[in-house]
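Down below is the structure, laid out as C-alpha cells.
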Amino acid sequence: EDDALVGVKSTALLFAEHTRKWLAGFAALAVALWAGAIAASGTGWPAWILLGAVAGHFAWQLARLDLDDPASCLARFRSNRDPGLLLFLGLILGQLAA
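The numbering of the sequence shown is my numbering, which starts it at 2 and goes up by one.
Here is the structure:
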C-alpha cells in the first residue's frame with residue numbers, strides 16, 4: 002500500500018497476486034545456485050546439511066508469510082539474515098571436514 006501511495010515502482014506491486022510464486026522461484030534458484038557452488042568448491046558434508054536448513058528456512062518463510070500483514074512481511078524480510086549465517090557456518094564447517 003505504501004509503495005502505491007508514494008508512487009514507488011516496487012517488485013511488490015509488480016508481482017502483485019503472484020508474489021508467493023515469485024518468492025518460491027527465487028528461493029529455489031538461490032538454493033540451486035548455492036548447491037552448484039558447494040559442489041564446485043568440493044566443500045564437505047556440513048555445507049550440504051546446512052544448505053538443507055536454508056531450504057527449510059525458505060519453506061518456513063513462505064508457509065508463514067501473510068502478504069496482507071506488513072508486520073509479517075517485515076519479520077520474514079528480517080529473518081533473511083539467517084540463511085546467510087547458516088551458509089557461512091556450513092562453508093566453514095565444510096572446509097574443516099573436507
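The C-beta atom is built at its ideal place from N, Cα and C for all residues, glycine as well.
Residue closest to residue i, alpha-carbon to alpha-carbon, out of the options
| i | options | result |
| --- | --- | --- |
| alanine 60 | Gln96, Ala38, Ala31 | Ala31 |
Cβ separation of residue i and residue j, assumed to be a contact under 8 Å, to the nearest whole Å
| i | j | result |
| --- | --- | --- |
| leucine 52 | glycine 91 | 6 Å |
| glycine 43 | alanine 99 | 6 Å |
| threonine 20 | leucine 75 | Contact doesn't hold; Cβ gap of about 15 Å is too wide. |
Interface flag, residue i vs chain D, CB-CB below 9 Å
| i | result |
| --- | --- |
| tryptophan 46 | Absent here is chain D; the protein component of the structure consists of one chain. |
Contact under 9 Å by Cβ, residue i with residue j
| i | j | result |
| --- | --- | --- |
| glycine 45 | leucine 97 | yes |
| arginine 82 | glutamine 62 | no |
| alanine 28 | alanine 56 | yes |
| alanine 25 | leucine 14 | no |
| serine 73 | histidine 58 | no |
Same chain, Cβ closer than 7 Å to residue i, five either side skipped, listed in chain order
| i | result |
| --- | --- |
| tryptophan 23 | Phe16 |
Same chain, Cβ closer than 8 Å to residue i, five either side skipped, listed in chain order
| i | result |
| --- | --- |
| leucine 94 | Gly45, Pro47, Ala48, Leu51 |
| leucine 66 | Arg21, Leu24, Ser73, Cys74, Arg77 |
| tryptophan 35 | Leu52, Val55, Leu88 |
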